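Be aware that the sequence shown starts at 1240, since it is given in the working numbering, and climbs by one per residue.
Note that beta-carbon positions come from the ideal geometry of N, C-alpha and C, so glycine has one too.
As the structure is a prediction and not an experimental result, all values here were calculated from the model.
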Amino acid sequence: MLKKLSLLLLGGIYLLGGFLSADEYHYFYGEGCSYCAKTQRYFEDHHIEDTYKITKYEIRNHPENLQILQDKLAQINLPITETKIPLMLVEKEDKIQTSLIGPAEIINYFEKGEGVGEATNQTGTQSSLADSDKNSEQSPWKFIGILIPTALGDSINPCAFAVMLLLLSTILSKSKSRKRTIFSGVLFSLAIFLSYFLMGIGVFKLLATSTAETSIFKWIIGVIGILIGLANIKDYFWYGKVFLMEVPRQWRPTMMKLIQGVLPPIGAFGIGILVSLFLLPCSSGPYIVILGLLSAQSNELNLLGMGYLALYNFIFILPMLAITFLVGTGKSSVEKLAKLKNKNTKLIHLGVGILMLILGMYIISSIYF
């Protein structure tokens, strides 16, 4: 009797596995689609791709994948205008048996085997495939429109100016060579660029592991942006009170010793790597907000994402390069630039604060509009 029950149980499990384990699962998604990112996080958390044979197609940046989708939809007479992403097509014996639209249906299918074949139209929750080409063109430019002003605001922070001026002053006094000064400044800036670029990749991957709902995640990032903005505005009205959105005062003697001990020009690169850590308290806020916004759109850092990070960090070091060439060519002096920096420190904090407030409120408002 027990043997028969065991066989029946095994047979049931086999049939259930056959039900869920279709020949192929065709998963269509778009880069920058937050609901696709949510589905992908579910796949990763539950090892779905290790268990099922899933072929993935990114359709916003790959027209050939969009054509594959159109061909498969034609087999079941489903117009592309009536579908949205993320979309899963379940194929058995070379025939499309099931279409799953949106994260709810896809996740429900793998969890319970329910919702199969229900073509639910979840208006406003997924990205329309008909608008896929339009979104692929607008999404990068929209993000760049946020990234550039944020990077510019981050690049004019007083910390970076002070560090660069101290470095150039030290190198000029040691080498007496303007060419070596320029070379050292460029290497130092390059080190900052590489350090922040690699840090950005690490922080992005950490943020991308979050299983929080996209809306909740955006709320958190938006609130962080607003708090950073308020902290900077505080430094305009009450500079140095309670805390300061710059390198902590207790860190500054160590940082100065490192910079003053540099052996130009190659030593400037190594010092740049170390100093980038000291700059984190006053320069990482806007960067983390941008990384959070990027990870909310997608949990995969592709070439486009790498390009975003490269652009951000290039903008971040532009003032450093400008200071290097102004001092190195003799068009200005460390003393003049230091006075200019000290005179406008509070205004810089105010400008960055207002920018971060706007960015934080924009991120939160994007959840609802």
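Closest in alpha carbon position to residue 1342, among 1278, 1431, 1272, 1602, is 1278.
Where residue 1584 is concerned, the enclosing alpha helix (DSSP H) starts and stops at 1573-1604.
With a contact defined as Cβ atoms closer than 8 angstroms, residue 1430 and residue 1522 miss out at about 14 angstroms. Short of 8 angstroms from the beta carbon of residue 1397, and not among the five residues preceding or following it, lie these beta carbons of its own chain, in chain order: 1485, 1521, 1580, 1584, 1587, 1588.
For the alpha helix (DSSP H) assignment, the uninterrupted runs of no fewer than 4 residues enclosed by the region 1496-1545 are, from N- to C-terminal side, 1505-1536. When DSSP states are grouped into helix, strand and coil, residue 1315 belongs to the coil group.
Of 1481, 1344, 1534, 1420, the smallest CA-CA separation from residue 1322 is found for 1344. Across the set 1275, 1493, 1443, the C-alpha of 1443 shows the shortest separation from the C-alpha of residue 1527. For residue 1595 and residue 1466, the gap between their C-alpha atoms comes out near 8 angstroms. The count of Cβ pairs closer than 8 angstroms, one atom from the region 1548-1565 and one from the region 1414-1432, reaches three, so the stretches are in contact.
Residue range 1334-1340 is occupied by the beta strand (DSSP E) that includes residue 1337. If you draw a straight line from the Cα of residue 1387 to the Cα of residue 1553, it is about 10 angstroms long. Going by beta carbons, residue 1447 and residue 1534 fall inside the 8 angstroms limit. In the DSSP assignment, residue 1420 falls within the unbroken alpha helix (DSSP H) covering 1417-1447. When secondary structure is reduced to three states using DSSP, residue 1291 falls in the coil class, being assigned neither helix nor strand.
A straight line joining the alpha-carbon of residue 1576 with that of residue 1515 spans about 21 angstroms. 8 angstroms or more divides the Cβ of residue 1307 from the Cβ of residue 1269.
According to DSSP, residue 1328 shares a beta bridge with 1265, 1338. In this structure, the alpha-carbon of residue 1305 lies about 15 angstroms from that of residue 1275. The beta carbon of residue 1266 sits closer than 6 angstroms to those of 1293, 1295, 1327, all from its chain and outside the five residues before and after it, given in chain order. Put simply, of 1337, 1549, 1599, 1606 the residue whose alpha carbon is nearest the alpha carbon of residue 1383 is 1549. By the neighbour-count definition (other C-beta atoms within 10 Å, threshold 16), residue 1445 is an exposed residue. Annotated three-state conformation of residue 1478 is coil, per DSSP.
In the three-state scheme derived from DSSP, where H, G and I count as helix and E and B as strand, residue 1344 is classed as helix. Distances from the alpha-carbon of residue 1332 to those of 1316, 1273, 1339, 1263 put 1263 closest. Membership of residue 1607 in any alpha helix (DSSP H) is not indicated, and neither H nor E is assigned to it by DSSP. Under the three-state reduction of DSSP output, residue 1485 falls in the coil class, being neither helix nor strand.
With a contact defined as Cβ atoms closer than 8 angstroms, residue 1464 and residue 1599 qualify at about 3 angstroms. The DSSP-derived three-state label of residue 1283 is helix. For residue 1398, the enclosing alpha helix (DSSP H) begins and ends at 1397-1414. Distance from residue 1394 to residue 1558 at the Cβ level is roughly 5 angstroms; contact confirmed, criterion being Cβ atoms closer than 8 angstroms. Taking C-alpha positions only, residue 1478 is separated from residue 1472 by approximately 9 angstroms. Secondary structure of residue 1297 (DSSP, three-state): strand. Contact annotation: residue 1606 and residue 1457 have beta-carbon atoms nearer than 8 angstroms. Distance between residue 1340 and residue 1441, taken at the CA atoms: about 32 angstroms. In terms of CA proximity to residue 1300, 1544 leads the group 1590, 1603, 1544.
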